[in-house]
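What follows is a single structure, written as structure tokens, with notes after it.
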Amino acid sequence: MVYKSNSRYRIWSNEENFDPEIFLSEISNKGIVLKKTAKVSSFQWRSYFVKKTNYPIYEGIFRHLFLSNRCRNAWNISNYLIHAHIPTPKPIAYLEMLNYSLPYQHFFLSEYLFDSYNIEIFIKDDIYSRKGITLEDFFNTMKEFLLLLWEKGIYHKDLSGKNLLTVNGKSIYLVDLDSTHLINHFTIKYKIRNLIQIYDSFCDFVDEYILKDLIFTVLNDSSLKELTIIYNKIKELQKQRRTQHLRNMQSQK
């Protein structure tokens with residue numbers, strides 16, 4: 340990893356030849372805006388995915404001074420995932436802009452996954468069959484992916500389809516890592532939360548027996564009676580999650 344700093348910025352990079360001056364000069368006019376909110380913008384720049392914070396300068400300084408671990412979480416977690424052999428877009432660089440030596444804004448750059456889809460769209464729009472795989476193939480990959488995450492203590496607070504990408508259904512990539520954490524003791528509570536999110540992503544268009552098989556397989560250290568209780572609880576909590584989501588959508592109108 341390469342570290343550089345000057346009066347304008349400081350940068351941690353996994354690529355020795357990455358030029359922050361070229362990046363900063365081009366991102367405003369050559370970066371393709373993918374999403375923009377009051378707090379965060381995302382871009383495609385060259386072969387990179389870029390996430391940039393948009394906080395007002397004083398709020399940005401406060402966050403980067405007192406919540407620095409949270410600001411750098413995606414960068415730190417993505418490097419951990421790569422070393423743990425968990426599929427995620429390769430982290431390229433983390434750059435903090437400075438104002439009188441105080442960080443107020445940051446950019447996180449990672450590999451741009453060309454021709455990728457979130458897994459919900461991949462299944463819902465029947466892309467998987469055009470890629471030459473079956474639903475069974477895909478959900479077997481999903482099982483392996485979940486078990487690997489849990490084995491390594493990786494907890495994503497929103498493990499829904501929109502935060503999981505695939506190109507061909509044979510590998511699944513974890514993205515949106517700001518809400519991802521390492522947990523020393525990965526209890527059933529965290530597993531159920533993840534499974535509610537996965538179930539919610541697919542239950543409208545995937546046969547229930549497929550999702551039930553997924554849940555029973557990844558929780559195979561429980562008894563059949565326990566699995567049945569857990570499965571019914573997941574379905575109940577998924578309905579509550581969906582209801583709350585609809586309420587939130589209506590309140591924003």
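Residue numbering for the sequence shown follows our numbering, starting at 340 and increasing by one per position. Ideal Cβ placement from N, Cα and C applies to all residues, glycine included. Quick caveat, the model's predicted, so the values are computed rather than measured.
For V557, report the span of its alpha helix (DSSP H) as first-last. As a first step, residue 557 must be located in the sequence shown, where it is residue number 218. Note, V557: alpha helix (DSSP H), 547 to 557.
8 Å Cβ cutoff met for S380 and N393: Here the question's residue 380 lines up with position 41 in the sequence shown. Here the question's residue 393 lines up with position 54 in the sequence shown. In contact: S380 and N393 (Cβ atoms closer than 8 Å).
Have a look at Y467, Y494, Y451 and flag the residue whose alpha-carbon is nearest the alpha-carbon of I458. Reading the sequence shown from its first residue, position 119 is the one you call residue 458. For I458, the nearest C-alpha among the options comes from Y467.
If contacts are defined as beta-carbon pairs under 8 Å, then H445 and L434 qualify, I think. What distance do you get, rounded to the angstrom? As a first step, residue 445 is located in the sequence shown; it is residue number 106 there, counting from the start. As a first step, residue 434 is located in the sequence shown; it is residue number 95 there, counting from the start. Going by Cβ atoms, the distance from H445 to L434 rounds to 6 Å, so yes, they are a contact pair.
At the level of alpha carbons, what is the spacing between I594 and V389? In the structure as shown, the chain begins at 340 and stops at 592. Residue 594 is therefore absent and cannot be evaluated.
Beta carbon of L516, beta carbon of N587: below 8 Å? Residue 516 sits at position 177 when you count from the first residue of the sequence shown. Residue 587 sits at position 248 when you count from the first residue of the sequence shown. Against a cut-off of 8 Å, the Cβ pair of N587 and L516 comes out as no contact.
Which residues in the same chain as L498 place their Cβ atom closer than 6 Å to its Cβ, once the five residues preceding and following it in sequence are excluded? For the purposes of this step, residue 498 is taken as the residue at position 159 of the sequence shown. Only N533, Q536 meet the Cβ criterion.
Residue of T427, Y538, I472 minimising C-alpha distance to K572: By 1-based counting over the sequence shown, the position of residue 572 is 233. Answer by Cα proximity: Y538.
Only counting the same chain, and skipping five residues up and downstream in sequence, which positions put a Cβ closer than 7 Å to that of L566? Stepping through the sequence shown from its first residue, residue 566 is reached at position 227. Contacts found: F555, L558.
Please tell me whether L441 and I493 are closer than 8 Å, where the distance is taken between their beta carbons. The residue you call residue 441 lines up with position 102 of the sequence shown. The residue you call residue 493 lines up with position 154 of the sequence shown. In this structure, I493 does not lie closer than 8 Å to L441 by Cβ.
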